[in-house]
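Quick note: the sequence shown, position 58, residue 57 per numbering that gives the first Met the number 0, numbers continuous. Even for Gly, the Cβ is constructed at its ideal location relative to N, Cα and C. Reading through the structure tokens given below for one structure.
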Amino acid sequence: MENIYDEVKEFLDKGETVAVATIVSTKGSTPREVGAKMVVTAWGEILGTIGGGCGEADVRREAIEVVRTRMPRTVRVDLLDDISSDSPAVCGGIMNVFIDPWWKEKESD
């Protein structure tokens, strides 16, 4: 499997902007630890994971907006749904995810 950073470089070399989502803090039980990363393209393709499920889908939506605006943001992912709700988001914790846009500046001649 190709290194995720090699794939990111390919996107950047093509002039595309991607968003890098990194878990920066957690509280309680979460599917991944601090430092886990996920890359999202403008059309929503995902490289890597921050845990899957509803929380990852929320971050994916926010990441697409970050690509569009090129403005970073932090997203709070609440995985505290009531255990009886049958929600796949039930892990029992909260994670804060920083989403950073990456792009390559055009070289001037």
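In three-state DSSP terms, what is residue i?
i           : result
residue 105 : coil
residue 88  : Any reading at residue 88 is ruled out, since the residue's pLDDT is 49, under 50, leaving its predicted position unreliable.
residue 65  : helix
residue 23  : strand
Classify residue i: buried if its beta carbon has 16 or more other beta carbons within 10 angstroms, exposed otherwise.
i          : result
residue 68 : exposed
residue 0  : Low confidence applies to residue 0: its pLDDT is 41, below 50, so where it sits in the model is not reliable, and the reading given next is rough at best. By the 10 Å Cβ count, residue 0 comes out exposed.
In chain order, what residues of the same chain have a beta carbon less than 7 Å from the beta carbon of residue i, not counting five sequence neighbours either side?
i          : result
residue 43 : 59 and 63
So, for residue i: in the same chain, excluding its five sequence neighbours on each side, which residues have a beta-carbon less than 6 Å away from its beta-carbon?
i          : result
residue 75 : 95
For the alpha helix (DSSP H) containing residue i, list its first residue and its last residue.
i          : result
residue 8  : 3-12
residue 49 : That residue, residue 49, is in no alpha helix (DSSP H); it is neither H nor E in DSSP.
Can you name, in chain order, every residue of its own chain whose Cβ lies under 8 Å from the Cβ of residue i, other than the five neighbours on each side?
i          : result
residue 71 : 65, 97, 98, 99 and 100
residue 24 : 33, 94 and 95
Which one of the options has the shortest CA to CA distance from residue i?
i          : options         : result
residue 27 : 78, 51 and 36   : 78
residue 15 : 24, 39 and 57   : 39
residue 21 : 102, 31 and 104 : 31
Return the first residue and the last residue of the beta strand (DSSP E) that residue i is part of.
i          : result
residue 39 : 36-39
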